[in-house]
Amino acid sequence: METPFLGELLIIFLILLNCVRIFLLKFGKIDSLTILAPISVVLAILQIFAWNVDIFSLSILAISIFCFFTNFRAFLRFSGGLYVDHYSVGFKIGTFFVILLCLFEGAILVKYRPVFLNRKEFNIVEEKFRLSGDFSAGFEKSENFVFSSAEIRVFSPVKKENFNGQSIILISDKRADSVEYVPYMKMLAAKGFKVYSGDFYARDGKWFHNLADFKVFRKFFMQINYFQNPVKFEMQKEFYSFNEAREIRAMLDFVSAEEKTAESSVEPIFVVGDWMSDICFDDFSKENLESVSGFFKLSDLTEYSSKGFGFVQQTSPFTARFLNLEREPNLGNLTAIVEKTLDAIPAPLYKKEIIEPQNHAEEQSQNLELFD
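Going by the numbering used here, the residue at position 361 of the sequence shown is 361; the numbering climbs one at a time, nothing skipped.
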């Protein structure tokens with residue numbers, strides 16, 4: 001699962017289950033369902049740490065906190081092992097209000113649900129790597145229980161023999177973490193490529209120079225800043241480009257190390273980026289890097305309407321509404337963008353022969369017959 005959608009629905013369901021007990025519980029019983037109120041608060045907080053802050057996670061946290069305080073006296077009675085003799089009028093009014101909020105929140109969530117692309121249908125697999133370090137000293141794979149400052153996503157074909165030998169790096173805009181590009185990466189991986197993308201939160205990679213630089217807040221405040229004043233936001237493109245350049249170098253180092261083997265030649269890496277990386281792509285192109293086959297700007301494509309926000313028409317239709325875009329389950333624009341990307345990728349330098357196991361066996365038997 002690449003979105004918080006199901007987790008958010010689960011929390012809403014638990015809050016509703018907590019509230020509807022006023023219609024189900026017989027008096028003279030221990031009010032055990034009240035324990036769902038603090039559990040919902042804890043789950044809402046964990047959801048934010050797992051998926052970062054957005055408008056839905058904040059509103060669900062607010063509803064769960066309100067539900068907890070509404071149930072506070074009931075929770076104290078449950079903790080003391082006391083029976084329920086009645087529900088006060090104030091409690092019933094507060095509970096009805098929470099139910100209405102949950103129904104409204106749930107309806108909005110379902111209306112703007114993400115478009116799910118099943119990995120099994122695309123015959124691809126996803127891997128994740130946690131990295132420690134910073135841009136000055138470099139990054140390395142994190143050990144277990146060690147604080148990480150970056151996370152790398154990798155999509156590739158399930159069968160290794162279907163990998164065409166070419167790797168793609170996707171540099172995300174900071175109004176959209178790599179999760180907003182997952183549909184695009186999945187479709188490229190289904191074509192035989194290995195697609196990498198990374199989210200960096202190193203101590204020397206500052207974008208706001210305040211609390212908004214924390215992982216859970218950064219994307220949310222980036223979006224807020226853009227929608228508040230798009231002109232001012234675009235004036236800072238040079239600064240954003242500087243930070244993006246450091247992420248590109250870190251990704252190139254990581255991918256080159258991952259793909260380099262003693263048995264085979266490594267194809268030059270193709271790099272794809274969104275709006276923030278446009279300027280540094282021009283600078284990198286002048287360096288003629290041997291490890292890079294080319295740079296591709298998504299923002300140059302007319303089909304790409306959500307410049308800087310990733311593929312929100314599939315991953316976050318609610319955000320897409322702020323860009324005057326609709327949810328797109330038929331993947332029309334996404335497919336066109338993938339085709340344009342494939343057209344821009346240079347031909348491979350090294351030919352990779354793909355021999356299926358059964359074909360290999362047949363070839364061996366034919367060779368044996370020639371020597372008989």
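Backbone N, C-alpha and C fix where the C-beta goes; we use that ideal spot for every residue, glycine too.
Taking the C-alpha atoms as reference points, what is the distance between residue i and residue j?
i	j	result
residue 135	residue 204	7 angstroms
residue 75	residue 247	48 angstroms
residue 314	residue 179	11 angstroms
residue 274	residue 195	15 angstroms
residue 373	residue 95	Residue 373 is absent from the model: the chain starts at 1 and stops at 372.
residue 58	residue 8	11 angstroms
residue 233	residue 110	31 angstroms
residue 201	residue 40	28 angstroms
residue 45	residue 10	13 angstroms
residue 360	residue 125	With a pLDDT of 42 at residue 360, under the threshold of 50, the predicted position of this residue should be treated as unreliable, and no value is reported.
residue 375	residue 316	This structure does not reach residue 375, given that the chain is present from 1 up to 372, and the question cannot be answered.
residue 268	residue 237	28 angstroms
residue 190	residue 140	28 angstroms
residue 242	residue 249	11 angstroms
residue 298	residue 348	22 angstroms
residue 63	residue 208	29 angstroms
residue 34	residue 55	26 angstroms
Pop quiz: residue i and residue j are said to be a contact at Cβ under 8 angstroms. What is the actual Cβ separation, rounded to whole angstroms?
i	j	result
residue 168	residue 188	6 angstroms
residue 15	residue 87	With 8 angstroms as the limit, residue 15 and residue 87 do not qualify as a contact, their Cβ atoms being about 17 angstroms apart.
residue 333	residue 305	7 angstroms
residue 175	residue 206	Their Cβ separation, rounded to whole angstroms, is 17 angstroms, which puts residue 175 and residue 206 out of contact at 8 angstroms.
residue 150	residue 199	7 angstroms
Counting only the same chain and skipping the five closest in sequence on each side, list residues whose C-beta sits under 7 angstroms from that of residue i.
i	result
residue 216	48, 49, 52, 53
residue 117	183, 186
residue 285	295
residue 93	none
residue 155	124, 126, 185, 186, 189, 195
residue 344	294, 296
So, is residue i buried or exposed, given that buried needs 16 or more other C-beta atoms within 10 angstroms?
i	result
residue 61	buried
residue 24	exposed
residue 282	exposed
residue 121	exposed
residue 229	exposed
residue 105	buried
residue 312	buried
residue 2	buried
residue 222	buried
According to DSSP, what are the bridge partners of residue i?
i	result
residue 196	154, 169
residue 283	DSSP lists no partner for residue 283.
residue 128	153
residue 55	Beta-bridge pairing links residue 55 to no other residue.
residue 253	DSSP output for residue 253 lists no bridge partner at all.
residue 269	292
residue 177	Residue 177 pairs with nothing; no bridge assigned.
To which residues of the same chain is residue i closer than 6 angstroms at the C-beta, ignoring the five residues directly before and after it?
i	result
residue 277	171, 244
residue 211	none
residue 173	274, 275, 276, 308
residue 251	169, 198
Cutting at 8 angstroms between CB atoms, please list the residues of its own chain near residue i, excluding the five before and the five after it.
i	result
residue 5	109, 113, 114
residue 36	14, 15, 17, 18
residue 380	A query on residue 380 cannot be resolved here, the shown segment of the chain reaching from 1 to 372 and no further.
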